[in-house]
Amino acid sequence: MAVTNKWLGQAFLQAFDKEIDYLADAITVTLHNSTFSPDQDTMDYQNDLTNELSTANGYTAGGSAMGTKVNDYTAGTNVVAFKAADVVWTATGTLTARTAVVACTTPGTAATNPLLTYHQSDADISATDAAWTFDIPAGGWATITPA
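Heads up, the final residue of the sequence shown is numbered 130 in the working numbering, and it's a clean run with no missing numbers.
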């Protein structure tokens, strides 16, 4: 199973416009079904999202916040990494999603909550009466390499 991880194009403009403060703000992960089709160029705020899972089977609409957030820069490789603890939903029944979307939800409304990244599998991922985990690698859930 392959997962595509992409930044939304507007995220950098929003960050430099001070709409996002990664360490201070609530950064939230939402789950979406297989009919969700992200558009890296046009999606900028949560009001652009569709096909989020509804509240059921251990998932709550609106997603879950990332915890233990840190960011760092590695000299030599020029990599900026955004890190956090795994986000876990405990499925009661079957919880199935294909895409996770990361957004800053501190502004407070779908029209003002900036989107950061999406992570889309090439197949549905399901958990039945078990943990459904947005697994964050040691290297971070997203990176930037200034060049």
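Just so you know, even glycine gets a beta-carbon here, dropped at the ideal spot from N, CA and C. Since the model is a prediction, treat every value here as computed from it, not as a measurement.
DSSP state of residue i mapped onto helix, strand, coil
i   : result
A64 : strand
D31 : helix
A48 : strand
L78 : strand
For residue i, the residue or residues it bridges with in DSSP
i      : result
F117   : V70
W(-10) : T100
Y56    : V63
Contact set for residue i: own chain, Cβ-Cβ below 7 angstroms, skip 5 residues either direction
i   : result
L78 : N40, G41, Y42, W72, S109, A110, W115
T88 : A9, T11, N96
Supposed contact pair residue j and residue i - C-beta distance, whole angstroms, cut 8 angstroms
i   : j    : result
A67 : A9   : Rounded, the Cβ-Cβ distance is 12 angstroms, inconsistent with contact.
A64 : T126 : 5 angstroms
N30 : A93  : 4 angstroms
Own chain, CB closer than 6 angstroms to residue i, minus 5 neighbours either side, in chain order
i    : result
T13  : E35, G46, V84
T100 : W(-10), V85, A125
A106 : M(-16)
Nonlocal neighbours in the same chain, by C-beta distance under 8 angstroms from residue i, ignoring five residues either side
i  : result
L6 : K52, V53, N54
beta-carbon residue i near the ligand ATP non-hydrogen atom, thresh 8 angstroms
i   : result
T38 : No copy of the ligand ATP appears in this structure; indeed no ligand is present at all.
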